[in-house]
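Engineer: Input: one structure, supplied below.
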Amino acid sequence: MSDQQGTIESHPLGAKTYPPSPEFRAAANQQDPSIYWRAAEDPEAYWAEQARKLRWTKPFTEILDWSNPPFAKWFADGELNVSANCLDRHVEAGLGDRVAFHFEGEPGDTRTITYAELTAEVKRAANMLTSLGVQQGDRVAIYMPMIPETVIAMLAVARLGATHSVVFGGFSAESLRSRIDDAAAKLVITADGGFRKGRVSALKPTVDDALSLDTGTELSVEHVLVVERGGNDVSMQEGRDLWWHEEITAFDAEHTAKGFPAENPLFILYTSGTTGRPKGIVHTSGGYLTQTSTTHRDAFDLKPETDVYWCTADVGWVTGHSYAVYGPLANGTTQVLYEGTPDTPDWGRWWEIVQKYGVTIFYTAPTAIRACMKVGRQVPEQYDLSSIRVLGSVGEPINPEAWRWYREVIGAGSAPIVDTWWQTETGAFMISPLPGLTTLKPGSAQIAQPGIAVNVVDDAGNPVERGQGGLLIVERPWPSMVRTIWGDDQRFIDTYWSKFGDRYFAGDGARLDEDGDVWLLGRVDDVMNVSGHRLSTAEIESALVEHHAVAEAAVVGADDETTGQAVVAFVILKSQQHLLTPENAEGELKKHVASQIGAIARPRQIFVVSELPKTRSGKIMRRLLKDAAEGREVGDTTTLADTMVMQTISDRVRAER
Ligand code: WTA
1 MSDQQGTIES HPLGAKTYPP SPEFRAAANQ QDPSIYWRAA EDPEAYWAEQ
51 ARKLRWTKPF TEILDWSNPP FAKWFADGEL NVSANCLDRH VEAGLGDRVA
101 FHFEGEPGDT RTITYAELTA EVKRAANMLT SLGVQQGDRV AIYMPMIPET
151 VIAMLAVARL GATHSVVFGG FSAESLRSRI DDAAAKLVIT ADGGFRKGRV
201 SALKPTVDDA LSLDTGTELS VEHVLVVERG GNDVSMQEGR DLWWHEEITA
251 FDAEHTAKGF PAENPLFILY TSGTTGRPKG IVHTSGGYLT QTSTTHRDAF
301 DLKPETDVYW CTADVGWVTG HSYAVYGPLA NGTTQVLYEG TPDTPDWGRW
351 WEIVQKYGVT IFYTAPTAIR ACMKVGRQVP EQYDLSSIRV LGSVGEPINP
401 EAWRWYREVI GAGSAPIVDT WWQTETGAFM ISPLPGLTTL KPGSAQIAQP
451 GIAVNVVDDA GNPVERGQGG LLIVERPWPS MVRTIWGDDQ RFIDTYWSKF
501 GDRYFAGDGA RLDEDGDVWL LGRVDDVMNV SGHRLSTAEI ESALVEHHAV
551 AEAAVVGADD ETTGQAVVAF VILKSQQHLL TPENAEGELK KHVASQIGAI
601 ARPRQIFVVS ELPKTRSGKI MRRLLKDAAE GREVGDTTTL ADTMVMQTIS
651 DRVRAER
């Protein structure tokens with residue numbers, strides 16, 4: 001069971017709750033609570049009804065096929081084109097002049113892109129990709145900054161029935177290459193660089209490094225398409241590398257989208273698991289688009305004619321896929337797309353953008369809210385944020401203090417906050433309020449979405465009593481669920497389905513309160529949550545021991561005021577090495593981890609120790625290291641082989657605090 005259980009403040013009986021205002025409710029997309037029981041009575045009928053709101057080139061007659069669990073199929077005999085659902089459909093409905101994206105580059109350059117323009121660009125790009133041999137079944141890696149071409153690239157790949165694998169631009173050459181190899185991508189789409197924190201952050205050189213690594217796997221990549229953005233110097237390999245802007249001029253904007261089966265793989269997105277190797281989460285087309293669009297419309301109460309929606313997530317993460325690309329575009333949403341960081345040139349940047357474009361729905365992560373709280377309310381208070389009417393939160397439980405600040409300072413004390421619980425694997429929201437119906441409780445994600453059933457169970461799979469902590473499960477298959485782990489069905493079964501049969505094990509601890517609302521309690525496995533990003537302890541440990549000077553390493557996620565959790569590492573240096581001294585080890589090893597995995601994995605602290613706490617059978621007791629890292633009294637050490645070890649380690653940690 002999780003170490004973290006009970007660390008989230010429980011909802012005190014009688015604490016303030018926030019019902020929807022009568023005006024909000026009266027205008028809400030979902031204002032009749034019977035939606036919950038209607039969907040629960042026949043979830044398949046509910047999802048089929050939602051799916052029919054999309055455009056199918058061949059209508060489905062089957063809804064769910066669960067004859068071979070855990071391999072679900074949704075709408076399997078239907079065919080659709082995901083890209084045309086996000087684009088052509090709206091243009092043909094006369095909405096071509098609606099803005100799809102207000103793009104704001106970090107240096108301040110802007111671009112307004114209508115649905116008609118976006119559709120034309122995607123068609124052109126689809127023709128270009130076709131000329132490079134991309135077709136249904138192929139994989140394309142995308143390693144890009146947050147610019148319109150990134151979305152165009154994704155939609156062009158999808159339009160051809162091929163499968164994209166977006167790799168977050170902050171990942172290292174090693175991480176990029178292992179993802180390219182795993183999926184055997186034949187094309188990489190990248191940019192020279194993008195703007196971050198006031199300067200150009202290069203991407204193409206990292207792609208070059210990735211492709212020249214000797215990994216023992218034959219390179220699958222035939223071409224690299226490079227978007228010009230940063231203007232930084234890059235080298236282009238003759239025959240392999242092509243400039244996007246040079247190639248694209250040869251292609252016109254005529255392209256007829258073909259329908260593909262509902263279960264055609266739309267994308268692979270890698271996420272950290274409990275072992276060192278990232279898992280390639282596979283999502284398919286019809287069910288995924290159905291649930292992302294439905295939840296985006298209802299949980300945010302989207303009014304596509306008037307709303308301006310902004311999800312601050314990078315498209316390198318699932319939130320960017322589902323709620324900055326597919327869900328919103330399927331709904332014909334007008335969005336903000338911002339390239340840079342919230343503090344460039346200063347902490348007013350986000351709020352200036354909200355004011356400038358009149359953002360009405362704003363979706364971000366608790367870690368960002370806490371960072372803004374630290375800077376102080378005087379910054380957002382300089383801007384007119386009165387356009388905001390709905391706020392969203394994702395990535396980790398939002399602590400009630402941050403929740404209240406968010407509502408008061410950003411939401412004018414009146415905007416409902418939808419705290420959305422979901423995962424890369426779930427593809428779309430699973431637990432979240434519906435803002436016209438739910439009386440909000442700060443800190444709780446509250447209720448399963450209509451058509452979704454979750455529960456909290458003990459290790460044996462029996463429901464636990466209300467108020468007790470347990471494990472979160474999903475009772476039934478849902479349309480946007482992960483279909484498998486790319487190339488590894490067995491790992492898919494082992495990870496999610498071996499514990500509770502055909503009920504999905506999410507890996508999160510949870511508790512139901514007296515009203516049946518869900519409180520998330522953090523991961524129950526060796527996955528950390530740093531700034532809403534999943535990191536695996538095993539992956540960072542293995543990066544550390546790959547360093548020539550390191551003999552052993554143990555990594556824990558320690559509570560952190562801003563990032564939720566932070567990476568804290570304990571390492572033992574090899575005795576016969578001259579590369580590192582205990583004095584320079586911390587700096588060197590932090591750099592090493594960042595270069596192996598990416599800057600997001602850089603440990604907050606690294607302690608050089610002479611021994612690690614182990615049980616008599618040799619298992620490292622990370623729980624004790626977590627106690628030490630969080631400055632707590634260290635728990636029960638009686639099962640340790642050497643009970644003195646923890647004393648020494650705690651003394652070390654305390655000396656540095
Ligand atoms: C955590 C991000 C509490 C959770 C969409 C989950 C949350 C993991 C919430 C998935 C939330 C995400 N409340 N915890 N609203 N949202 N989590 O795959 O531990 O990057 O298992 O997907 O983040 O992270 P992932």
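So for the sequence shown, the UniProt record's numbering puts the first residue at 1; every next one is plus one. Idealized CB from N, CA, C, for every residue including glycine. Bear in mind that the values here come from a model prediction, so they are computed numbers and not experimental data.
(1) Suppose you measure from the CA of L434 to the CA of T639; what does that come to, to the nearest Å?
(2) Measure the alpha-carbon distance for V299 versus R523 and round it to whole angstroms.
(3) What did DSSP end up calling L269 once you bin it into helix, strand or coil?
(4) Roughly how many angstroms lie between the CA atoms of W497 and V140, to the nearest whole one?
(5) Using a Cβ-Cβ cutoff of less than 6 angstroms, which residues in the same chain neighbour T7 once the five nearest sequence positions on both sides are dropped?
(6) Beta-carbon separation of T563 and T367 under 8 angstroms?
(7) Which term fits R389, buried or exposed, when burial requires 16 or more other beta carbons within 10 angstroms of its beta carbon?
(8) Taking the straight line between their C-alpha atoms, what separation do you get for K16 and P416?
(9) Among the residues of its own chain, which have a CB less than 6 angstroms from the CB of R483, if the five just before and after it don't count?
(10) In three-state terms, what does DSSP make of K574?
(11) Only counting the same chain, and skipping five residues up and downstream in sequence, which positions put a Cβ closer than 6 angstroms to that of R654?
(12) Could you name each continuous alpha helix (DSSP H) segment of 4 residues or more that falls completely within the stretch 215 to 250, going from the start of the chain to the end?
(13) Could you tell me how far apart the beta carbons of A402 and I353 are, in whole angstroms, since I believe they sit closer than 8 angstroms?
(14) Tell me, please, which residues DSSP counts as bridged to K58.
(15) Name the DSSP beta bridge partners of C311, please?
(16) In angstroms, rounded to a whole number, what distance separates the CA positions of R240 and H223?
(17) Quick one: what's got a C-beta closer than 7 angstroms to A506's C-beta in the same chain, skipping five residues either side?
(18) Given 7 angstroms as the limit, tell me if K399 has its C-beta closer than that to any heavy atom belonging to the ligand WTA.
(19) What did DSSP end up calling W421 once you bin it into helix, strand or coil?
(20) Assuming G348 contacts Y383 (C-beta within less than 8 angstroms), just tell me the rounded distance between them.
(21) Using 8 angstroms as the cut-off, can you tell me whether the stretch 554 to 568 makes contact with the stretch 599 to 617, which would need three or more C-beta pairs spanning the two stretches below that distance?
(22) Which runs of the beta strand (DSSP E) at least 3 residues long sit entirely within the stretch 104 to 181? Give them in chain order.
(23) Along the chain, where does the alpha helix (DSSP H) containing W37 start, and where does it finish?
(24) Would the C-beta of G522 count as close to the ligand WTA, meaning under 7 angstroms from any of its heavy atoms?
(25) With respect to the beta strand (DSSP E) encompassing Y504, which residues constitute its N-terminal and C-terminal limits?
(26) Taking all protein chains shown into account, decide if W37 is buried (16 or more other Cβ within 10 angstroms of its Cβ) or exposed.
(27) Report the residue from R25, G598, E41 whose alpha carbon sits nearest the alpha carbon of I452.
(28) Compute the Euclidean distance between the alpha carbons of E9 and T215, then round it to the nearest angstrom.
(29) Quick check on DSSP: helix, strand or coil for N85?
Structural biologist: In short, the structure shows the following:
(1) Here residue 434 refers to the residue found at position 434 when the sequence shown is read from its first residue. Here residue 639 refers to the residue found at position 639 when the sequence shown is read from its first residue. One C-alpha to the other measures close to 47 angstroms.
(2) Within the sequence shown, residue 299 is the residue found at index 299, counting from 1. Within the sequence shown, residue 523 is the residue found at index 523, counting from 1. Sequence inspection shows Ala at residue 299; the Val mentioned does not correspond to that position. Rounded to whole angstroms, the separation of the alpha carbons of R523 and A299 is 24 angstroms.
(3) By 1-based counting over the sequence shown, the position of residue 269 is 269. Note: L269 maps to strand in three-state DSSP.
(4) Working through the sequence shown from its first residue, we reach residue 497 at position 497. Working through the sequence shown from its first residue, we reach residue 140 at position 140. Within the model, the alpha-carbon separation for W497 versus V140 is close to 29 angstroms.
(5) As a position in the sequence shown, residue 7 is number 7, starting the count at 1. Caution is warranted here: a pLDDT of 35 is assigned to T7, below 50, making its placement in the model unreliable, and no coordinate value can be reported.
(6) For the purposes of this step, residue 563 is taken as the residue at position 563 of the sequence shown. For the purposes of this step, residue 367 is taken as the residue at position 367 of the sequence shown. Cβ distance < 8 angstroms, so T563 and T367 count as in contact.
(7) Counted from its first residue, the sequence shown places residue 389 at position 389. Sixteen is the threshold: when 16 or more other Cβ atoms of the shown chains lie within 10 Å of the Cβ of R389, as they do, the residue is buried.
(8) As a working mapping, residue 16 is identified with position 16 in the sequence shown. As a working mapping, residue 416 is identified with position 416 in the sequence shown. Rounded to whole angstroms, the gap between the alpha carbons of K16 and P416 is 14 angstroms.
(9) The residue you call residue 483 lines up with position 483 of the sequence shown. Closer than 6 angstroms at Cβ, skipping near neighbours: V282, T284.
(10) Along the sequence shown, one-based indexing puts residue 574 at 574. Three-state result, K574: coil.
(11) Within the sequence shown, residue 654 is the residue found at index 654, counting from 1. Here the set comprises nothing.
(12) Taken in chain order, the complete alpha helix (DSSP H) segments of 4 residues or longer contained in the stretch 215 to 250 are 244 to 248.
(13) By 1-based counting over the sequence shown, the position of residue 402 is 402. By 1-based counting over the sequence shown, the position of residue 353 is 353. The pair is not a contact, with the Cβ atoms about 21 angstroms apart (cut-off 8 angstroms).
(14) Stepping through the sequence shown from its first residue, residue 58 is reached at position 58. Within the DSSP secondary-structure output, K58 pairs in a beta bridge with E79.
(15) Here residue 311 refers to the residue found at position 311 of the sequence shown. Partner(s): Y363.
(16) For this step, residue 240 is matched to residue 240 along the sequence shown. For this step, residue 223 is matched to residue 223 along the sequence shown. Put simply, the backbone Cα of R240 is about 5 angstroms away from that of H223.
(17) Walking along the sequence shown from the start, residue 506 turns up at place 506. Closer than 7 angstroms at the Cβ level, and outside the excluded window around A506, lie Q423, L472, I473, V474.
(18) The sequence position of residue 399 within the sequence shown is 399, counting from 1. Looking at the sequence itself, residue 399 is Asn, so the reference to Lys does not match. Not under cutoff, so the answer is no.
(19) Within the sequence shown, the letter at position 421 stands for residue 421. W421 falls in the strand class under three-state DSSP.
(20) Along the sequence shown, read from residue 1 onward, the residue named residue 348 stands at position 348. Along the sequence shown, read from residue 1 onward, the residue named residue 383 stands at position 383. Between the beta-carbon of G348 and that of Y383 there is about 7 angstroms, and that keeps the pair under the 8 angstroms contact cut.
(21) Because the criterion of three Cβ pairs below 8 angstroms is met, the stretch 554 to 568 and the stretch 599 to 617 touch.
(22) Listed in chain order, the complete beta strand (DSSP E) runs (minimum 3 residues) inside the stretch 104 to 181 are 110 to 114, 139 to 143, 163 to 166.
(23) To locate residue 37, count along the sequence shown from 1; it is residue 37. In the DSSP annotation of this structure, the continuous segment of the alpha helix (DSSP H) that includes W37 starts and ends at 34 to 41.
(24) For the purposes of this step, residue 522 is identified with residue 522 of the sequence shown, where counting begins at 1. The answer is yes for G522.
(25) The residue given as residue 504 occupies position 504 in the sequence shown. Taken as a continuous stretch (DSSP letters only), the beta strand (DSSP E) holding Y504 covers 504 to 512.
(26) Within the sequence shown, numbered from 1, the residue matching residue 37 stands at position 37. So W37 ends up on the exposed side.
(27) Taking the sequence shown and counting its residues from 1, the one referred to as residue 452 is at position 452. Relative to I452, the option among R25, G598, E41 whose CA is nearest is E41.
(28) Along the sequence shown, one-based indexing puts residue 9 at 9. Along the sequence shown, one-based indexing puts residue 215 at 215. Unreliable positioning characterises E9 in this predicted model, as indicated by a pLDDT of 44, which lies under 50. A coordinate reading is not provided.
(29) Walking along the sequence shown from the start, residue 85 turns up at place 85. Secondary structure at N85: helix, using DSSP grouped into helix, strand and coil.
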